[in-house]
Amino acid sequence: MDRLECDRMFVAVMETGSFTGAAERLGTSSGQASKLVSRLEGYLGVRLLSRTTRAVSATEAGQAYFDRLRPLLDEFDNLDADLRDASHAPRGRVRLTAPLTFGSMEIAPALNEFAWSFPDIELDVSFSDRVVNLVDEGFDLAVRVGRPGDSSMIARKLCDMRIIVVASPDYLTRHGEPSAPSDLSRFDCIIDTNFREPGRWPFAGDGEKQFSIQVDGRIRYSNAEAGLQAAEAGLGLACVPSFVASNALRAGRVRRVLQGFEPEPYAVHALYPHSRHLAGKVRVLVDFLAERYRGTPHWDAGW
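According to this note's numbering, the sequence shown holds residues 48 to 350 in order.
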């Protein structure tokens, strides 16, 4: 019996809450996952898990074993990673998740440069606006916008992202320009349904006090790029991240409005699980992204 393999499977079952989840994490079948845990129970001579048709839960002995085993496996992995990192260039697969629009527009070009610099590192990237559980779903790293909500993760700030309101020069000529957020009730607003509160746009007032304004409009998109295109077509005002609007602003296809009321920027972070040892393959990617976005982001320059 490969004791280490059995121990790893038991930990995976405890962390995912099922044999199926553990099997998916470790790349095997649920049947094999059950067999490995049963072998471990046979070796130890104690029942570690209570199994029913609906759920798997730890016995008292199983919970105690898990509590002591998890740190030992971490130490083993840290030792293994230390030796490999010291003797080899970073290698292996990195699983990363990032928001759909920011990921496809900004992270993907950065990762393509990274891939040229680190040919021994494989990149497995998921662009999705769904907030994934990094540990349960087997991700090494996440790029997220806004305040980190998970205290179990280490967050390294990469850059700031501003939210701005834009409209085409033609639209502003025809309808005028709002002088304050309260004027937006008189304008056509293009709604991005990906916002947490799609019908409310964020602003800041005197003393940087944050507030939001109710807006309405006949066009609703679940994508910032589509909203920007509608604004370029003269269909109204759009509230979009500055990285989405940067090229259109430089080309003069849209103009910023309500600049004096723009909210505080949202921070973009790289998040990864707590560990005494950060795998070299992940560390070099985080360092690469932090260096690429250091200072004023390129999309906020030149307009």
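Backbone N, C-alpha and C fix where the C-beta goes; we use that ideal spot for every residue, glycine too. Note that the structure is predicted; figures quoted are calculated from it, not measured.
- Here Arg303 carries a strand assignment [DSSP, helix/strand/coil].
- For Met208, the closest C-alpha among the options Pro344, Gln276 and Val141 is that of Pro344.
- Residue nearest to Thr100 within the set Arg297, Tyr319 and Phe66 is Phe66 (criterion: CA-CA distance).
- Taking all protein chains in view, the Cβ of Arg72 is crowded by 16 or more other Cβ atoms within 10 Å, so the residue is classified as buried.
- Per DSSP, the continuous alpha helix (DSSP H) segment holding Pro156 begins and ends at Ala155 to Ser164.
- With 16 or more neighbouring CB atoms inside 10 Å of its own CB, Ser215 falls in the buried class.
- The beta carbon of Val304 sits closer than 8 Å to those of Val212, Val213, Ala214, Leu219, Glu224, Pro225 and Leu284, all from its chain and outside the five residues before and after it, given in chain order.
- Here DSSP, grouped into helix, strand and coil, assigns Val333 to helix.
- The C-alpha of Arg94 is placed about 42 Å away from the C-alpha of His316.
- Within a 10 Å sphere around the beta-carbon of Glu160 sit fewer than 16 other beta-carbons, which makes this residue exposed.
- In this structure, Pro146 places its C-beta atom within 8 Å of the C-beta atom of Val192.
- Looking at the DSSP output, Val84 shares a beta bridge with no other residue.
- Excluding residues up to 5 positions away in sequence, Tyr112 lie with their Cβ nearer than 8 Å to the Cβ of Leu91 in the same chain.
- In the three-state reduction of the DSSP assignment, Asp167 falls in the coil class, being assigned neither a helical nor a strand state.
- Distance check between Arg177 and each of Glu309, Leu87 and Thr144 places Thr144 closest, using alpha-carbon atoms only.
- As computed with DSSP, Ile237 is found in a beta bridge with Ala285.
- Taking 8 Å as the cut-off, the beta carbon of Ile210 is found no closer than this to the beta carbon of Pro137.
- Taking C-beta separations shorter than 8 Å and ignoring five residues to either side along the sequence, the partners of Ala108 in its chain run Val93, Arg94 and Leu95, following chain order.
- Annotation: the continuous beta strand (DSSP E) that includes Gly139 extends over Gly139 to Ala145.
- Around the beta carbon of Gly68, a 10 Å sphere encloses 16 or more other beta carbons of the protein chains shown; the residue is thus reported as buried.
- In this structure, Gly78 keeps its C-beta atom at 8 Å or more from the C-beta atom of Val103.
- For the pair of segments examined, the segment 226-236 was found to touch the segment 275-291: the number of CB pairs separated by less than 8 Å reaches three.
- About 6 Å separates the Cβ atoms of Arg247 and Gln261, confirming a contact at the 8 Å cut-off.
- Boundaries of the beta strand (DSSP E) harbouring Leu205: Met200 to Met208, taken from the DSSP string.
- Separation of Ala314 and Trp346 (C-alpha to C-alpha, rounded to the nearest whole angstrom) is 15 Å.
- Here Ser293 carries a helix assignment [DSSP, helix/strand/coil].
- Burial state of Gly252 is exposed, judged by a 10 Å Cβ sphere holding fewer than 16 other Cβ atoms.
- When secondary structure is reduced to three states using DSSP, Arg98 falls in the strand class.
- Assigned with DSSP and collapsed to three states, Val190 falls in strand.
- Annotation for Leu170: Arg140, Val141, Leu143, Leu158, Phe161 and Ala162 place their beta carbon closer than 8 Å to its own, counting only its chain and skipping 5 residues before and after.
- Rounded to whole angstroms, the gap between the alpha carbons of Asn180 and Ala59 is 14 Å.
- Here Tyr90 carries a helix assignment [DSSP, helix/strand/coil].
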